[in-house]
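First up is the structure itself, then whatever we jot down about it.
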Amino acid sequence: MKGRVALWAFCGLVGVWLVAPVLIVVPLSFTDKPSLVFPPTGWSTRWYENFFGDPRWTDAFVNSIKVGLLVTLTATVLGTLAALGLTRARLRGLPLAQGALLSPMIVPGVVFAIGTYALFLKMQLVGTLLGFVVAHTVLALPFVMIPVTASLSGFDRRLEQAAAVLGAGRLTTFRTVTLPMVAPGVVSGALFAFVTSFDEVVVSLFIQSPYLQTLPVQMYSSVTRDTDPTIAAAATMIVTLTTAIVLAATLLTARRSRAR
Amino acid sequence: MAVVEKADRAPAPSVPTRGRTGRAPRERGAGRPAVLLIPALLLVAVFFAYPLATMLWRAFTEPDTGFGNFTWFFTTDANIDVLVRTFTTALWVTVVALLLSYPYAYAMTAAGPRGRTVLTLLVLVPFWTSLMVRTFAWVVILQDTGVLNKTLDLVGLGPVHLIRSQTGVVIGMVQLLMPFMVLPLYAVMSGIDRRYVQAARSLGARPLTAFAGVYLPLTLPGVAAGSLMVFVSALGFYITPALLGSPDDALISQQIVTQVNGLLQWGRGGAMGVVLLGMTLALLVLVALATRRTGKKVSL
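So the protein lines, in turn, are chains A and B. Throughout the first sequence, residue numbering follows this note's numbering, covering 1 to 260 in sequence. Throughout the second sequence, residue numbering follows this note's numbering, covering 1001 to 1300 in sequence.
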């Protein structure tokens, strides 16, 4: 019995430690003092006003959203096509192709970052929207392919055959049978793609320029430069946004596995 | 997150490639859907494989062709220090994560459905929270006048210098990597039949003996998989040590950035990148072997 109490107390402590960062950042963003002292002694929304009044922050925020949405689009399309190819084709070497497409997940961030940086210097893609979208898409692809492949592999091919027998063309079959069946996988992949891009720091630090920065890059330079709670306001907004998105993706995945 | 999810959501059988004979089936047009892979493969080839290959090439050719950069790396004391420090930091992170995760994962198996949901959600929080947000939060918590030091001061233990130290880096990294340890442990533990331990107890083993002689050995595959995963991820960390650590205690990732960005030594930076990548891949192969041998998927 004593052991049980100790175990639960221990887990409670570990739990607090796991969520501590979030618990600290949110109240801190509402402090009235221009310093990162916790707990705050008074409350205000001035750091949010500061955030939306400072073009460095708003530009970074808009850039992050822009890059994120474009990455969502490209990664979802390319990732879904690739997942279809992987599950439908019968060829030697497919596991190799799958490995190649998933490998960006396991290569250390800095290694990918300096490689990309060198290439972008040559191609003059540093500090461009295209550069950000391309680099983030490479990183986001696996997060689309994994859920889509999973929903495709649990998919009964006879449904498509039935549609074809009933006279549907290939495109109609895809649009009315295949796509609706794998939609939850595609949507959760799209949401993970957005979050991957929205959170990416390491590569972004290298391919940014003073004219094009994303929110995490601006946060990075703010942490190293000033001690101003505006960064806490930015962090709170990021946490809210990504939590909402990941929750949506998780719920979709949960509903899918229940439906099966 | 990546690899855990990979094991979780994309089990190997999802790619039906060849028949039992090992030969590709010969039906006509069987390879045609592979065309759909081309756009993604092109993107990854041009913007992932090519830059990595270039890095490798430069490591062997800049400024001179040969193994010069690698000889430099392995014969410079400062670099050996960095390598050793990277390994010890990763080892510390692994040990601390294991000590925290083992009881935690056990509690997950012992808890009721609701308790398990809460514990799972808590361990997944680091996944959801953006890396920058978390690192910033640790800066606030660990700073000399931060929450932790104030608390330690109250109970008469502080202040302790945490930020810009290896301790700070370890604290931040463990929080980040906990899920990689907890999830494989939980996967293995939830498959263990409790009656083994009860049997040992009824045969007269004391609790500690029953644990060490029966339960612990059964969980070792999970310990191995989780530890390797955490260790290998810790090796490549950049943001956390850069913001929570001291510049004097740089890890290999930071050193790569210094070579490339600060000193424009692409060859040397590339060589260090190759070393880091090589270690990562070698350890990941070990992870794959450790997971396969148990014949169990590492998943929730």
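A virtual CB, placed ideally from N, CA and C, is assigned to each residue, including glycine.
- Item | Candidates B/Val1155, B/Asp1249 and B/Pro1051: closest to A/Met123 by CA position | A/Met123 has its Cα closest to that of B/Pro1051, out of B/Val1155, B/Asp1249 and B/Pro1051.
- Message: Just list the residues that DSSP pairs B/Trp1092 with in beta bridges.
- Response: Note: B/Trp1092 is not bridge-paired with any residue in the DSSP secondary-structure output.
- Task: Tell me, please, which residues DSSP counts as bridged to A/Trp43.
- Result: As computed with DSSP, A/Trp43 is found in a beta bridge with A/Thr31.
- Query: Would you say A/Tyr48 faces chain B, with C-beta separation under 8 Å as the test?
  - Reply: No, no contact with chain B.
- Report the neighbours of A/Val202 on chain B: residues whose CB is nearer than 9 Å to its CB, in chain order. Within chain B, the C-beta atoms nearer than 9 Å to that of A/Val202 come from Leu1131, Tyr1238, Ile1239 and Ser1253, in chain order.
- Along chain B, in chain order, which residues have C-beta atoms closer than 8 Å to that of A/Asp199? Contact note: A/Asp199 reaches chain B through Ser1130, Leu1131 and Met1132, using a C-beta cutoff of 8 Å and chain order.
- List the endpoints of the continuous alpha helix (DSSP H) containing B/Tyr1196. Segment Arg1195 to Ser1202, the alpha helix (DSSP H) holding B/Tyr1196.
- In chain order, what residues of the same chain have a beta carbon less than 8 Å from the beta carbon of B/Leu1091, not counting five sequence neighbours either side? Residues Phe1231 of the same chain have their beta carbon placed closer than 8 Å to that of B/Leu1091, with the five preceding and five following residues left out of the count.
- Query: Under 8 Å between C-beta atoms, does B/Ser1047 make it to chain A?
  - Reply: The sequence shown places Phe at residue 1047 of chain B, not Ser. Judged by the 8 Å Cβ criterion, B/Phe1047 is in contact with chain A.
- Start and end residues, alpha helix (DSSP H) containing B/Gly1191: Note, B/Gly1191: premise wrong, no alpha helix (DSSP H); not H, not E.
- Query: Can you list the residues of chain B that A/Met230 reaches, using a CB-CB cut of under 7 Å?
  - Reply: Looking at the sequence provided, one finds Thr at residue 230 of chain A rather than Met. Per Cβ cutoff of 7 Å: no residues; A/Thr230 is ~11 Å from chain B at best.
- Excluding five sequence neighbours on each side, which residues of the same chain lie with their C-beta closer than 8 Å to the C-beta of B/Val1287? In its chain, beyond the 5 residues on either side, Val1003, Ala1225, Leu1228, Met1229 and Val1232 have a beta carbon closer than 8 Å to the beta carbon of B/Val1287.
- Message: Taking the beta carbon of A/Glu200 as the centre, do at least 16 other beta carbons fall within 10 Å, making it buried, or is it exposed?
- Response: Buried, because 16 or more other Cβ atoms sit within 10 Å of the Cβ of A/Glu200.
- What does B/Phe1180 touch in chain A if you count any residue whose Cβ is under 8 Å from its own? Residues of chain A passing the Cβ test: none, with the nearest at roughly 12 Å.
- Task: Could you give the DSSP three-state label for B/Ser1130: helix, strand or coil?
- Result: Of the three classes helix, strand and coil, the one that applies to B/Ser1130 here is coil, per DSSP.
- Classification of A/His136 by the beta-carbon crowding that lies within 10 angstroms, buried from 16 upward: Classification of A/His136: buried, given that the 10 Å Cβ count is 16 or more.
- Message: Suppose contacts are defined by Cβ-Cβ distances below 8 Å. Is A/Thr196 in contact with A/Phe143 by that definition?
- Response: A contact, by the Cβ cut-off of 8 Å.
- Item | Start-to-end residues for the alpha helix (DSSP H) that takes in A/Glu200 | No alpha helix (DSSP H) holds A/Glu200; DSSP gives it neither H nor E.
- Item | Residues of its chain near B/Ala1290, where Cβ-Cβ distance is below 8 Å and the 5 sequence neighbours each way are ignored | Setting aside the 5 residues that flank it on each side, B/Ala1290 is surrounded in the same chain by Pro1221, Ala1224, Ala1225 and Leu1228, each with a C-beta closer than 8 Å to its C-beta; the list follows chain order.
- Buried or exposed: which applies to B/Glu1005, given that a residue is buried once 16 or more other Cβ atoms fall within 10 Å of its Cβ? Its pLDDT being 36, under 50, B/Glu1005 is placed unreliably in this model, and the value from its coordinates should be taken loosely. Per the 10 Å Cβ criterion, buried.
- Is the Cβ of B/Ala1024 closer than 8 Å to any Cβ of chain A? In this prediction, B/Ala1024 has a pLDDT of 46, which is less than 50 and means its spatial position is unreliable; what the coordinates show is noted afterwards. Under the 8 Å criterion on CB atoms, B/Ala1024 is classed as interfacial with respect to chain A.
- Query: Are the beta-carbon atoms belonging to B/Val1260 and B/Gly1269 less than 8 Å from one another?
  - Reply: Result yes, Cβ atoms of B/Val1260 and B/Gly1269 sit closer than 8 Å.
- Message: Residues in the same chain with beta-carbon distance under 7 Å from B/Val1283, minus the five sequence neighbours each way, listed in chain order, please.
- Response: A small correction: the amino acid at residue 1283 of chain B is Leu; Val does not occupy that position in the sequence shown. Excluding five sequence positions before and after B/Leu1283, the CB atoms of its chain that fall closer than 7 Å to its own CB belong to Leu1228, Phe1231 and Val1232, given in chain order.
- Query: Is the distance from the Cβ of B/Leu1251 to the Cβ of B/Arg1085 below 8 Å?
  - Reply: Cβ distance < 8 Å, so B/Leu1251 and B/Arg1085 count as in contact.
- Query: What are the partner residues of A/Ser209, as DSSP defines its beta bridges?
  - Reply: In DSSP, A/Ser209 forms a bridge with A/Leu212.
- Close-in-space but distant-in-sequence residues of the same chain around B/Phe1047 (CB under 8 Å, 5 per side omitted): So the list is empty, once near-sequence residues are dropped.
- Query: Is it true that the stretch 1149-1164 of chain B meets the stretch 234-244 of chain A, where meeting means three or more beta-carbon pairs spaced less than 8 Å apart?
  - Reply: No, the stretch 1149-1164 of chain B is not in contact with the stretch 234-244 of chain A.
- So, helix, strand or coil for B/Pro1016, using DSSP? Residue confidence for B/Pro1016 is low, a pLDDT of 44 falling below 50, so the modelled location carries little weight; the figure read from the coordinates is stated next. If DSSP states are grouped into helix, strand and coil, B/Pro1016 belongs with coil.
- Query: Where does A/His136 fall in DSSP's three states?
  - Reply: Taken through DSSP and simplified to helix, strand or coil, A/His136 comes out as helix.
- Message: Please state the DSSP three-state secondary structure of B/Gln1166.
- Response: DSSP places B/Gln1166 in helix when its eight states are reduced to three.
- Contact between the stretch 1027-1043 of chain B and the stretch 68-85 of chain A (3+ Cβ pairs under 8 Å): Contact between the stretch 1027-1043 of chain B and the stretch 68-85 of chain A is established, with three or more Cβ pairs separated by less than 8 Å.
- Query: From the beta carbon of A/Gly169, is the nearest beta carbon of chain B less than 8 Å away?
  - Reply: False, the Cβ-Cβ gap to chain B never drops below 8 Å.
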